[in-house]
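From first to last, the protein sequence lines are chains A and B.
Position in the first sequence (from 1) plus 7 gives the number in the working numbering.
Position in the second sequence (from 1) plus 125 gives the number in the working numbering.
Have a look at the structure below, then the notes.
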Amino acid sequence: MLARSPAQCFHHGLLHSLPFLLVILPFGLLFGVFAAEAGLDLWQVLGFSLLVLAGASQFTAVQLLADQAPVFVVVVSALAVNLRMAMYSASIVPWIGQARPGARAAVAYLMIDQTYALAMQHYEKHPRLRLDQRLAYFFGTALGACLPWVVVSLIGAKLGNAIPESWALDFAIPITFLAMIAPMLRTLAHLAAAFVAMVAALAFAFLPSGLGMLIAAPLAMATGALVETWTERRKAGLA
Amino acid sequence: MSDLTIWIVILVLGVGTFLLRWSFLGALGNRPLPLWATRMLRYTAVAVLPALVAPLVLWPPATQGQTDPARLLAAVAALAVGVVTRNTLAAILAGGGTLFAMLYLLG
């Protein structure tokens, strides 16, 4: 492992990213279809997938655009979905922080859930890898996970208008999002946050589109943090 | 929604997302986040996505805001299978399968 050349590390990362195609290909296809149905053209779909490169926030933005929400609300909500990227950025610094600015910018651009998760797993398992090996591995995972996303979202956009309304594709987003949230509900704090988010979003649904979410999401995040603090205190108290 | 609006969203969201990813790696370096911030950030996904989904599930725009049994059941199926299996793809298949089965049965 430690003797591997950067090219070998790159291939290794690429290989490790392939199982994620099972999720990335259908999601990307769906994004293209959904965006085309919402009225976006091919260039705009390409713009989203290439410049934003973050599935859940792309769906969020297109959904809110289709609801005629104000630009400010669209951008803030979609950025909120990506706040976790700042956390990823902070936690990868000990491994990549010494790289040249250009390389760090490239890692930042290609940081999605899958590349981050694979890289962190790999670095922690093989802490003695050199910096060039770490970077090569990361870029390998990025080629396998990011490029297909862009390609299939364009294919989806091409197919989009050919899909009949009776397929109820409008509901692909709620189902996809619920499917992404459900596996994250591993602790009481996560459950509480999701519950507060739903109740608050319904309670504030009378507000102009998207605004309810700007109230519901911070409430839910605070709930998660509070419940986490509370659970930890209880655990400490019992121990 | 005009083309200009869409492009503004794409560009601002693209730059903003990059800055979030670049923040610590590019500028802030090894400074640790305050504890309360990491705590809040941990819950962004489970806060934002359910808030976005809940109204769409209960009052789907495709049925003019009328609660639709097929869509409601599909949402419950996706959530339940996702919680039990911890597998996003299985949850999507369960939700999609339920939706099509219900739409077919209910006409």
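Backbone N, C-alpha and C fix where the C-beta goes; we use that ideal spot for every residue, glycine too.
Between which two residues does the alpha helix (DSSP H) containing B:Ala-176 stretch?
-> Its alpha helix (DSSP H) spans residues 169-183.
Using 8 Å as the Cβ pair cut-off and three pairs as the minimum, do the region 90-98 of chain A and the region 112-129 of chain A touch?
-> With the rule of 3 Cβ pairs closer than 8 Å, the region 90-98 of chain A counts as touching the region 112-129 of chain A.
Does the distance from the CB of B:Leu-150 to the CB of A:Arg-111 come in under 8 Å?
-> A contact, by the Cβ cut-off of 8 Å.
Work out the CA separation of A:Val-59 and A:Phe-146 for me, nearest whole Å.
-> Here the alpha carbon of A:Phe-146 sits roughly 18 Å from the alpha carbon of A:Val-59.
Three-way DSSP call (helix, strand, coil) for A:Ala-175 in this model | Taken through DSSP and simplified to helix, strand or coil, A:Ala-175 comes out as coil.
Ends of the alpha helix (DSSP H) at A:Asp-120?
-> Bounds of the alpha helix (DSSP H) holding A:Asp-120 are 120-132.
Using a beta-carbon distance below 8 Å, is B:Gly-222 in contact with chain A?
-> For B:Gly-222, the answer is no, since every Cβ of chain A falls outside 8 Å of its Cβ.
Run the proximity test for B:Gly-220: is its beta-carbon closer than 7 Å to any non-hydrogen atom belonging to the ligand ZN?
-> For the structure depicted, the ligand ZN is absent and the ligand set is empty, with no information on it obtainable.
Excluding sequence positions up to five away, which residues of its chain have a Cβ less than 7 Å from the Cβ of A:Val-80?
-> Once the five neighbours on either side are set aside, the close Cβ partners of A:Val-80 are Leu-71, Gly-217, Leu-218, Leu-221.
Where A:Pro-101 falls: helix, strand or coil (DSSP) | Collapsing the DSSP output to three states places A:Pro-101 in a helix.
Closest to A:Ala-232 by CA distance: which of B:Leu-160, B:Leu-174, B:Gly-139, B:Gly-207 is it?
-> Minimum Cα distance to A:Ala-232 is reached at B:Leu-160.
Is it a yes or a no for the region 218-231 of chain B touching the region 196-209 of chain A, going by three-plus beta-carbon pairs under 8 Å?
-> Output reads no: the region 196-209 of chain A does not touch the region 218-231 of chain B.
Three-state secondary structure (DSSP) of A:Leu-192 | Coil.
Who are the Cβ neighbours of A:Gln-35 in its own chain at under 6 Å, not counting the five residues just before and after it?
-> According to the sequence shown, residue 35 of chain A is Gly rather than Gln. These residues qualify, in order along the chain: Trp-156, Val-159, Ser-160.
Flag this pair as yes or no: are the beta carbons of A:Phe-66 and A:Ile-180 separated by less than 8 Å?
-> Yes, they are a contact pair.
Using the C-alpha atoms, what's the distance from A:Ser-96 back to A:Pro-134?
-> Here the alpha carbon of A:Pro-134 sits roughly 18 Å from the alpha carbon of A:Ser-96.
Per-residue burial, A:Ile-170 [other beta carbons within 10 Å of its own, 16 or more giving buried] | Its Cβ having fewer than 16 others within 10 Å, A:Ile-170 is exposed.
Closer than 7 Å at the beta carbon, the chain B residues around A:His-129 = The contacting residues do not exist; A:His-129 stays about 17 Å from chain B at best.
Straight-line Cα distance separating A:Arg-137 from A:Ala-61 = When rounded, the separation of the alpha-carbon atoms in A:Ala-61 and A:Arg-137 is 29 Å.
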